[in-house]
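These notes are about the structure you will find just below.
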Amino acid sequence: MEVRLQKYIADCGIASRRKAEELIAEGKIQVNGEIIRTLGTKVHPGKDEVRYKGKVLIPQEKKVYLMLHKPEEYVTTVKDQFNRPTVLDLLQEIQERIFPIGRLDYHTSGLLLLTNDGQLANKIMHPRYKIFKTYIATIKGIPDAGKIEKLRKGIPIEDYITAPASVRLLKKQKNQSVLEIQIREGKNRQVRKMCEGIGHPVIHLKRICIGKISLGDLKKGEYRHLSQEELEYLKKL
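Residue numbering for the sequence shown follows this note's numbering, beginning at 49 and increasing consecutively.
Here it is as structure tokens:
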């Protein structure tokens, strides 16, 4: 698809569209080896070679940062070998190639961040930064104070012991209860395994926060772009 030359230059991060028009008028832009001074000129990205000061201009990919309220029964991968629905099926309006930051398991709902910024994604997922993640877990039965303390101190799961966690009992019901669990690890199905470890399997699990980024009242299946404040917070971690 052809685009106007001034837009192409702006997309390469060289200048604003207005400034790009000035560069064209001043004869500072070459297309396929020819100096172009006509503002209405169109180029075909990937086919035409555009140069400024002797350097080939390549469009910069627009960085995208999204928050999605993942529903249950969606996988947090770009593709699924079993043809199950993926979170990208909910984001078909987004033109850029994006990917999930970390994962939520198939039966877990809640906050999922997606981006095309690999550097920021690696930062968020790196264990060194120990970003806490907050979950609301509805579990079978009502754990006593001793079991909740075990969750807080860390319990053995398979070949490791979980790191200390923040755990609050939010609600007691007839045959189930609701916990708020905050962890700084992200091992596979960790919260579910922690609850199973104290004899109270998870009925429903939802992630509501990643660090200070909160799901808020975003509805299942909906998404929004991160605010500038949220983005700055993640970049400063």
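C-beta atoms are modelled at their ideal positions from N, C-alpha and C, and glycine is treated no differently.
Its chain contains P119, L138 as the residues whose beta carbon lies nearer than 6 Å to that of G269, once the 5 sequence neighbours on both sides are disregarded; these appear in chain order.
DSSP places C243 in the uninterrupted alpha helix (DSSP H) bounded by 238–245. Nearest neighbour of I258 by Cα position, chosen from I205, P204, N131, Y177, turns out to be Y177. Between I261 and E278 a beta carbon distance of about 5 Å is seen, short of the 8 Å cut, so the two are scored as contacting.
If you look at R65, you'll find it isn't in any beta strand (DSSP E); it sits in the alpha helix (DSSP H) that goes 65–73. In this structure, DSSP gives K219 an extended state, which the three-state scheme calls strand. A185 and N131 have their alpha carbons spaced roughly 28 Å apart. Contact check between the segment 185–194 and the segment 214–234: three or more CB pairs, one atom from each, fall below 8 Å, which counts as touching. L159: member of the beta strand (DSSP E) spanning 157–163, first to last residue. At a Cβ-Cβ threshold of 7 Å, Q230 and T156 do not count as neighbours. In the DSSP assignment, I57 falls within the alpha helix (DSSP H) that extends over 53–59. Nearest in C-alpha terms to K195, of all of I246, L218, N170, is I246.
According to the DSSP secondary-structure assignment, P204 is paired through a beta bridge with I209. Taking the C-beta atoms as reference points, G150 is found nearer than 7 Å to G234. With a beta-carbon spacing of about 14 Å, I106 and I77 fall beyond the 8 Å limit used to define contacts. M115 carries a strand assignment under DSSP once its states are collapsed to helix, strand and coil. Under the Cβ criterion (8 Å, minimum of three pairs), the segment 158–171 does not count as touching the segment 207–215. Within the DSSP secondary-structure output, V98 pairs in a beta bridge with V79. Secondary structure note for I106: it is in no beta strand (DSSP E), with a DSSP letter that is neither H nor E.
A straight line joining the alpha-carbon of I142 with that of G61 spans about 21 Å. Beta-bridge annotation (DSSP): R255 is paired with G158, Y183. The distance from the Cβ of T124 to that of V112 is about 17 Å, inconsistent with a contact at the 8 Å cut-off. The Cβ atoms of D96 and N80 lie closer than 7 Å to each other. By the beta-carbon neighbour count (other beta carbons within 10 angstroms, threshold 16), Q238 is buried.
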